[in-house]
């Protein structure tokens, strides 16, 4: 792991903007160094509040955006989480921290060039890597073998959320994904109905269904 020279100022900035609020998400940001998930040539920019390229036309998301999504998702200790599009593995590490030792993260990445990248990066945090199962394939159909999920999060913009995600969300669960330059938060009520809210003003790379689509 790197020496975290720039994480405290970045965390302070996110707190000052009001996006980083809860103790669990704050603790995750304080422990996990974003520089450990950024390409070597971009490490001087690791603590900037901006998205950065990681290869394959993909990015490591802007810290503000990641903090916003995790605060809205309200991941709890012991949760089972489906993550679609793990890329660099930074958000995966944060999710692993949030679910704690009794939780589990099932992380999907469709692009072979990024699959090993995310796994290698998370291996810098062995206690977090143990809570994650990486799957190098499309997450469009979710992971029915491990459903239902307490939380579902996607890091690429979709035209519509795949039906499988909603079907595999546990009652009282939360799901967040980008659509039409907005972040959509869905909560599944106990009767199976969906309550949705949209937060505009967020940009994401498009969802890739198959590696050949790139």
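In the working numbering, the protein residues as written are 367 to 580.
Don't be surprised by glycine CBs; every beta carbon is placed ideally from N, CA and C.
1. Pick helix, strand or coil for residue 492, following the three-state DSSP scheme.
2. Measuring only the C-alpha atoms, how far is residue 378 from residue 458?
3. How is residue 568 classed by DSSP in three states: helix, strand or coil?
4. Any contact of the region 477-485 with the region 448-466, i.e. 3+ C-beta pairs under 8 Å?
5. The alpha helix (DSSP H) spanning residue 459 covers which residue range?
6. Exposed or buried, what is residue 496 when buried is set at 16 or more other beta-carbons lying within 10 Å of its beta-carbon?
7. With distances taken Cα to Cα, identify the nearest neighbour of residue 469 among 516, 548, 392, 546.
8. Using DSSP's beta-bridge definition, name the partner residues of residue 418.
9. How long is the line joining the alpha carbons of residue 390 and residue 574, rounded to whole angstroms?
10. Let me know if residue 412 comes out buried or exposed under the rule of 16 or more other beta-carbons within 10 Å of its beta-carbon.
11. Leaving aside the five residues before and after residue 564 along the sequence, list all residues of the same chain whose C-beta is less than 6 Å from its C-beta, in chain order.
12. Report yes if the CB atom of residue 449 is closer than 8 Å to the CB atom of residue 430, and no otherwise.
13. Look at the alpha carbon of residue 499 and the alpha carbon of residue 401, and state the distance between them as a whole number of angstroms.
14. Does the beta-carbon of residue 508 have 16 or more other beta-carbons within 10 angstroms, so that it is buried, or is it exposed?
According to the structure shown:
1. For the purposes of this step, residue 492 is identified with residue 126 of the chain shown, where counting begins at 1. Residue 492 falls in the helix class under three-state DSSP.
2. The sequence position of residue 378 within the chain shown is 12, counting from 1. The sequence position of residue 458 within the chain shown is 92, counting from 1. Taking the straight line joining both Cα atoms gives about 22 Å.
3. Taking the first residue of the chain shown as 1, we reach residue 568 at position 202. In the structure shown, residue 568 sits in coil (DSSP, three-state: anything other than H, G, I, E or B).
4. yes
5. Stepping through the chain shown from its first residue, residue 459 is reached at position 93. Segment 456-465, the alpha helix (DSSP H) holding residue 459.
6. Looking up residue 496 in the chain shown gives position 130. Exposed, since its Cβ has fewer than 16 Cβ neighbours within 10 Å.
7. Along the chain shown, one-based indexing puts residue 469 at 103. Residue 469 has its Cα closest to that of 516, out of 516, 548, 392, 546.
8. Residue mapping note: residue 418 aligns to position 52 of the chain shown, counting from 1. Paired residue(s): 426.
9. Here the question's residue 390 lines up with position 24 in the chain shown. Here the question's residue 574 lines up with position 208 in the chain shown. Rounded to the nearest angstrom, the two C-alpha atoms are 31 Å apart.
10. The residue labelled residue 412 in the question sits at position 46 within the chain shown. Label assigned to residue 412: buried.
11. Stepping through the chain shown from its first residue, residue 564 is reached at position 198. Closer than 6 Å at Cβ, skipping near neighbours: 548, 550.
12. The residue labelled residue 449 in the question sits at position 83 within the chain shown. The residue labelled residue 430 in the question sits at position 64 within the chain shown. Residue 430 is positioned such that its CB atom lies no closer than 8 Å to that of residue 449.
13. Position 133 of the chain shown, counting from 1, holds the residue named residue 499. Position 35 of the chain shown, counting from 1, holds the residue named residue 401. Their backbone Cα atoms lie some 22 Å apart in a straight line.
14. Position 142 of the chain shown, counting from 1, holds the residue named residue 508. The residue is buried, with at least 16 neighbouring Cβ atoms inside 10 Å.
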